[in-house]
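Right, one structure below, let's go through it.
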Amino acid sequence: MVDPRRSSRTLRVHIDRERCIGSENCVASAPSVFRLDAEGKAVLLDPSTVDVEALLLVAEICPTEAIILEDGAGNQVFP
Ligand code: SF4
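In terms of the numbering used here, the sequence shown is residues 7 to 85.
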């Protein structure tokens, strides 16, 4: 059985574009997962390139809690 903490495939990542202020904390911390689009808002690249702990860390350093994490059942894990 795969340890759910070892694979971000068990977490779904959403970005609340209304909340995103383009601070780029997420881009700096996980450039394989986030980038800013032409509007200066974060968009997703490939969340499976980092593990769950890294995703949680990035979500926690977003100043506006714009990064929303859900488990495989759709339950919100963060914030
Ligand atoms: S850290 Fe949060 S506010 Fe900053 S760009 Fe990423 S999603 Fe947007």
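Note that beta-carbon positions come from the ideal geometry of N, C-alpha and C, so glycine has one too.
query: Skipping 5 residues on each side, what residues in its chain have a beta carbon closer than 7 Å to that of E71?
result: Mapped onto the sequence shown, residue 71 falls at position 65. So the qualifying residues of the chain are R25 and P85.
Query raised in the report: Which residues bound the alpha helix (DSSP H) around E59?
Result: Working through the sequence shown from its first residue, we reach residue 59 at position 53. Taken as a continuous stretch (DSSP letters only), the alpha helix (DSSP H) holding E59 covers V58 to I67.
Given that a residue counts as buried once 16 or more other Cβ atoms are within 10 Å of its Cβ, and exposed if not, what is I67? Here the question's residue 67 lines up with position 61 in the sequence shown. Answer is exposed; the Cβ neighbour count stays below 16.
Would you say S54 touches the ligand SF4, meaning its beta carbon is less than 7 Å from a heavy atom?
As a working mapping, residue 54 is identified with position 48 in the sequence shown. Because no heavy atom of the ligand SF4 lies under 7 Å away, the Cβ of S54 does not count as near it: no.
Q. My guess is that A36 and V49 are in contact by the Cβ rule of under 8 Å, so how many angstroms apart are they, rounded?
A. Counting from one through the sequence shown, the residue named residue 36 turns up at place 30. Counting from one through the sequence shown, the residue named residue 49 turns up at place 43. No, A36 and V49 are not in contact; Cβ-Cβ is about 13 Å, not under 8 Å.
Original post:
Who pairs with E24 in a beta bridge, going by DSSP?
Top reply: As a working note, residue 24 is residue 18 in the sequence shown. Looking at the DSSP assignment, E24 forms no beta bridge with any residue, so it has no partner.
**Asked** Since V49 is in the beta strand (DSSP E), which residue starts that stretch and which ends it?
**Response** Here the question's residue 49 lines up with position 43 in the sequence shown. Residues A48 to L50.
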